[in-house]
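This note's numbering puts the first residue of the sequence shown at 3, with every later residue one more than the last.
Data first, discussion second: the structure below is written as structure tokens.
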Amino acid sequence: MSNKPIGIFDSGIGGTSIFNEIITLLPKENCIYLADSKNAPYGDKSQSEILQLSIKNTELLLEKQCKLVVVACNTATTNAISYLRATYNIPFIGIEPAIKPAAIHTKTKAIGILATKGTLSSALFHKTSDLYARGIKVIEQIGEGIVPLIEAGKLDSKDMKMLLKQYLEPMIKANIDYLVLGCTHYPYLVPQLSKLLPKHIKIIDSGLAVAKQTEAILSKHNVLNLESKSPIINIFTNGNIDILNSILNHQYKTEYLDF
Ligand code: DGL
Numbered sequence: 003m004s005n006k007p008i009g010i011f012d013s014g015i016g017g018t019s020i021f022n023e024i025i026t027l028l029p030k031e032n033c034i035y036l037a038d039s040k041n042a043p044y045g046d047k048s049q050s051e052i053l054q055l056s057i058k059n060t061e062l063l064l065e066k067q068c069k070l071v072v073v074a075c076n077t078a079t080t081n082a083i084s085y086l087r088a089t090y091n092i093p094f095i096g097i098e099p100a101i102k103p104a105a106i107h108t109k110t111k112a113i114g115i116l117a118t119k120g121t122l123s124s125a126l127f128h129k130t131s132d133l134y135a136r137g138i139k140v141i142e143q144i145g146e147g148i149v150p151l152i153e154a155g156k157l158d159s160k161d162m163k164m165l166l167k168q169y170l171e172p173m174i175k176a177n178i179d180y181l182v183l184g185c186t187h188y189p190y191l192v193p194q195l196s197k198l199l200p201k202h203i204k205i206i207d208s209g210l211a212v213a214k215q216t217e218a219i220l221s222k223h224n225v226l227n228l229e230s231k232s233p234i235i236n237i238f239t240n241g242n243i244d245i246l247n248s249i250l251n252h253q254y255k256t257e258y259l260d261f
């Protein structure tokens, strides 16, 4: 069982930011990554559409014998993970915006959250926000249009800069000192965001926490891969393979798959 792969999926190439954290922390694990770029963005879809897509991805990963599934997408986690956990007999790791650490550490008592519409409107997001951010001003911003630009490989474009400027301005005015990246595509924008934000604003995401949780759950179930042979990494996309390869710095074997 421990030789079986960890399955990871996202609406596209963004979840590779989580995949990178996982293989750094768990370099002996075999991994399968699914980039559902054909259906990106998930963030503008209805909850039932997000659920159906999450089921499709999960069932493909189960067919490929995965021992655990990481839902490397805030939108899919907040809208579908409770159904997935109740339906399939393997552990699921999800990702949610890192409101808790931002709320604990803020000195200005104001934090910004950039995430998709699907995440910000979900019941799970509201529950987490009510639980941890009481008494703190939370500036929520839907990152409309950002994911399609990243999926098109346009991280450094004028359009991206314009969108980010527009989304950050109200947060800077509200005197935030933490910006929470609530979408797994956004860590790829840290260089662009850093240029637009005043130096004292810290950018945080949940990537490392997800990798640590993956390790903890594999260990709890006694299925950590302790063999030292080189791991098998398979990355599949139903979208543009060149853009996927470029975001992964051409380091892995990638394949087009129609799923
Ligand atoms: N990367 C995803 C997330 O973490 C979804 C982005 C999208 O497809 O809208 O929310």
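Every residue gets a Cβ at the ideal spot worked out from N, C-alpha and C, and that includes glycine.
Cα-Cα, which of the options is closest to residue i?
i: Pro150; options: Ile245, Ile34, Leu228; result: Ile245
i: Thr108; options: Leu36, Lys139, Asp132, Thr130; result: Lys139
i: Leu42; options: Ala176, Gly17, Leu63; result: Note on identity: in this sequence residue 42 is Ala, with Leu being the wrong assignment. The shortest Cα separation from Ala42 among Ala176, Gly17, Leu63 belongs to Gly17.
i: Tyr258; options: Phe21, Gly145, Arg87, Asp38; result: Asp38
i: Ser124; options: Ile34, Ser84, Asn32; result: Ser84
i: Leu28; options: His252, Ile234, Ser248; result: Ile234
i: Ile57; options: Asn22, Asp158, Arg87; result: Arg87
i: Pro200; options: Glu171, Leu191, Ser221, Asp158; result: Glu171
i: Val192; options: Gln143, Leu133, Leu116; result: Leu116
i: Asn240; options: Ser248, Thr256, His252; result: Thr256
i: Gln143; options: Glu51, Tyr169, Ser50, Asn22; result: Tyr169
Whole angstroms are fine: how far does the CA of residue j sit from the CA of residue i?
i: Cys185; j: Thr79; result: 11 Å
i: Leu55; j: Ile205; result: 29 Å
i: Phe11; j: Lys175; result: 36 Å
i: Ser48; j: Phe261; result: 20 Å
i: Gly145; j: Thr118; result: 6 Å
i: Ile34; j: Asn91; result: 18 Å
i: Gly9; j: Ser232; result: 17 Å
i: Ala82; j: His202; result: 35 Å
i: Ile24; j: Asn32; result: 11 Å
i: Lys156; j: Tyr44; result: 18 Å
i: Phe127; j: Thr121; result: 6 Å
i: Leu250; j: Thr89; result: 32 Å
i: Leu53; j: Tyr254; result: 29 Å
i: Tyr63; j: Asn242; result: In the sequence on display, residue 63 carries Leu and not Tyr. Rounded to whole angstroms, Leu63 to Asn242 spans 20 Å at the Cα level.
i: Ser196; j: Asn76; result: 22 Å
i: Asp46; j: Thr26; result: 31 Å
i: Glu65; j: Asn247; result: 24 Å
Can you name, in chain order, every residue of its own chain whose Cβ lies under 8 Å from the Cβ of residue i, other than the five neighbours on each side?
i: Leu228; result: Ser4, Lys30
i: Ile113; result: Ile101, Ala104, Ala105, Ala135, Ile138, Lys139, Val140, Ile141, Ile178, Asp179, Tyr180, Leu181, Val182
i: Ile95; result: Leu70, Val71, Val72, Val73, Val212, Gln215, Thr216, Ile219
i: Lys67; result: For clarity, residue 67 is Gln in the given sequence; the question names Lys instead. The residues are Lys6, Pro7.
i: Lys167; result: Leu198
i: Gln194; result: Leu157, Asp158, Met162, Lys163, Leu166
Going by DSSP, which residues form a beta bridge with residue i?
i: Ile144; result: Ala117
i: Tyr180; result: Ile113, Lys204
i: Lys139; result: Ala112
i: Gly9; result: Ile34, Val71
i: Ile235; result: Cys33
i: Tyr90; result: DSSP output for Tyr90 lists no bridge partner at all.
i: Thr256; result: Ile237
For the ligand COA, I want to know if residue i counts as a neighbour, meaning its beta carbon is within less than 6 Å of at least one of the ligand's heavy atoms.
i: Asn22; result: This structure lacks the ligand COA; the ligands present are the ligand DGL.
Take residue i and list the residues in its own chain whose beta-carbon comes closer than 6 Å to its own, dropping the five residues that flank it on each side.
i: Glu153; result: Gly14, Ser39, Ala42
i: Ile20; result: Ala74, Thr186, Gly209, Val212
i: Gly147; result: Leu165
i: Leu36; result: Phe11, Asn59, Phe238
i: Thr110; result: Asn177, Asp179
Just to confirm my understanding: we take residue i, look at its own chain, exclude 5 residues before and 5 after, and list those with CB closer than 7 Å. What are they?
i: Pro189; result: Ser19, Leu183, Asp207, Gly209
i: Pro93; result: Leu70, Ile219, His223
i: Thr131; result: Note on identity: in this sequence residue 131 is Ser, with Thr being the wrong assignment. Closer than 7 Å at Cβ, skipping near neighbours: Ile101, Val140.
Contact between the segment 211 to 223 and the segment 87 to 103 (3+ Cβ pairs under 8 Å) = Enough Cβ pairs lie closer than 8 Å, so yes.
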